[in-house]
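Position in the sequence shown (from 1) plus 96 gives the number in this note's numbering.
First comes the structure, then the notes that go with it.
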Amino acid sequence: MNSSVSPAVNDRLDVSKLPGHIAIIMDGNGRWAEKRLMNRIKGHQAGADAVRRIVRTCREIGIPILTLYAFSTENWQRPEIEVTTLMSLLKKFLDSERNEMIENNIRLNAIGQIDKLPEDVRTSLKRTMDLTGKNKGMLLNLALSYGGRAEIVDMTKAIAGKARDGKIDPDSITAEIVADQLYTRGMPDPDLLIRTSGELRISNFLLWQIAYTEIFITDTLWPDFGKDEFIRILIDFQRRERRFGNVR
Ligand code: IPE
Ligand code: IPE
Ligand code: MG
97 MNSSVSPAVN
107 DRLDVSKLPG
117 HIAIIMDGNG
127 RWAEKRLMNR
137 IKGHQAGADA
147 VRRIVRTCRE
157 IGIPILTLYA
167 FSTENWQRPE
177 IEVTTLMSLL
187 KKFLDSERNE
197 MIENNIRLNA
207 IGQIDKLPED
217 VRTSLKRTMD
227 LTGKNKGMLL
237 NLALSYGGRA
247 EIVDMTKAIA
257 GKARDGKIDP
267 DSITAEIVAD
277 QLYTRGMPDP
287 DLLIRTSGEL
297 RISNFLLWQI
307 AYTEIFITDT
317 LWPDFGKDEF
327 IRILIDFQRR
337 ERRFGNVR
């Protein structure tokens, strides 16, 4: 592991008990910029650097799946200039990180209403997904134009359509069949959900998948979020007792 994390912190992390899937609500870019009397856009630029840091850290310590909430279905309501800038930052990120993802055996995937993204972003996304499609080192899932309710609506339409066509018996629908129609098909549910910048809410993220996910909320604003704090959160996670409704 990288030497920039203090050895004491490193020592307390049990690498045999890492979460298989971490999801992060990357919040606080705007406040980070406002605190510095800067435009919110600067906060999103600094946020992109934090994404690079955390992706690298996850790859280094061996986290199999990382899901990052980058843009929600509700974020389309923001001022046009902010939406346009976020989309161009996203395209820049996809283009600039492509080689590093290839070199580091990271597979990129996107979840959400991808058809709503601008065409140039979709092209960059497809190119990166195609070029990293066979990578097995880590799965990086970007939630883009993602909404948990929209995902559940899409799943409902898919299953209802199958029932209408006689391909599925409504009485035989199970949680597995539902999960199989979500954008996260085939992935284990997140073990750990981190939200930065202190809000105590889910904001329409992975509503079905977080049923038994451990939640960690930090006041740190996303652009300030770094490796040291991330490892401390992993150590906290390893100390928790997960019961899944059972007794100890
Ligand atoms: C998170 O930061 C990034 C996106 C939602 C795209 P915000 O832009 O929500 O930052 P705050 O919450 O206004 O500080
Ligand atoms: C959640 O943050 C969405 C992302 C991080 C992409 P928001 O800033 O949009 O959430 P609210 O508005 O505080 O609930
Ligand atoms: Mg926010």
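A virtual CB, placed ideally from N, CA and C, is assigned to each residue, including glycine.
Assignment of beta-bridge partners to residue 312 by DSSP yields 290.
For residue 163, the enclosing beta strand (DSSP E) starts and ends at 161–168. Here residue 196 is exposed, its C-beta having fewer than 16 other C-beta atoms within 10 Å. Around residue 322, the same chain offers 149 as residues with beta carbons nearer than 7 Å, after the five sequence neighbours per side are excluded. Boundaries for residue 150: no beta strand (DSSP E) harbours it, while the alpha helix (DSSP H) harbouring it runs 136–157, taken from the DSSP string. Contact check between the region 282–298 and the region 253–260: fewer than three CB pairs, one atom from each, fall below 8 Å, which does not count as touching.
Note that the C-beta distance between residue 126 and residue 317 is not below 7 Å. Residue nearest to residue 144 within the set 192, 170 and 314 is 192 (criterion: CA-CA distance).
Contact annotation: residue 237 and residue 163 have beta-carbon atoms nearer than 7 Å. A Cβ-Cβ contact shorter than 7 Å links residue 242 with residue 208. In this structure, the alpha-carbon of residue 210 lies about 9 Å from that of residue 217. Minimum Cα-Cα distance from residue 182 among the listed residues 155, 154, 141 and 311 corresponds to 141. The beta carbon of residue 123 sits closer than 6 Å to at least one heavy atom of ligand 1. Contact annotation, residue 273 with residue 228: C-beta distance approximately 29 Å; criterion of less than 8 Å not satisfied.
DSSP lists 161 and 203 as the bridge partner or partners of residue 235.
120 is the residue among 120, 219, 202 and 111 whose C-alpha sits nearest the C-alpha of residue 297. For residue 119, the enclosing beta strand (DSSP E) covers residues 117–121. In the DSSP assignment, residue 221 falls within the alpha helix (DSSP H) that extends over 215–228.
Taking the Cα positions, residue 155 is about 42 Å away from residue 267. Under the DSSP assignment, residue 274 falls in the alpha helix (DSSP H) whose first and last residues are 271–275.
The beta-carbon separation of residue 169 and residue 246, rounded to 5 Å, stays under the 8 Å limit for a contact. Taking 7 Å as the cut-off, the Cβ atoms of residue 244 and residue 289 do not count as close.
The alpha-carbon of residue 306 is positioned some 36 Å away from that of residue 133. Around the beta carbon of residue 175, a 10 Å sphere encloses fewer than 16 other beta carbons of the protein chains shown; the residue is thus reported as exposed.
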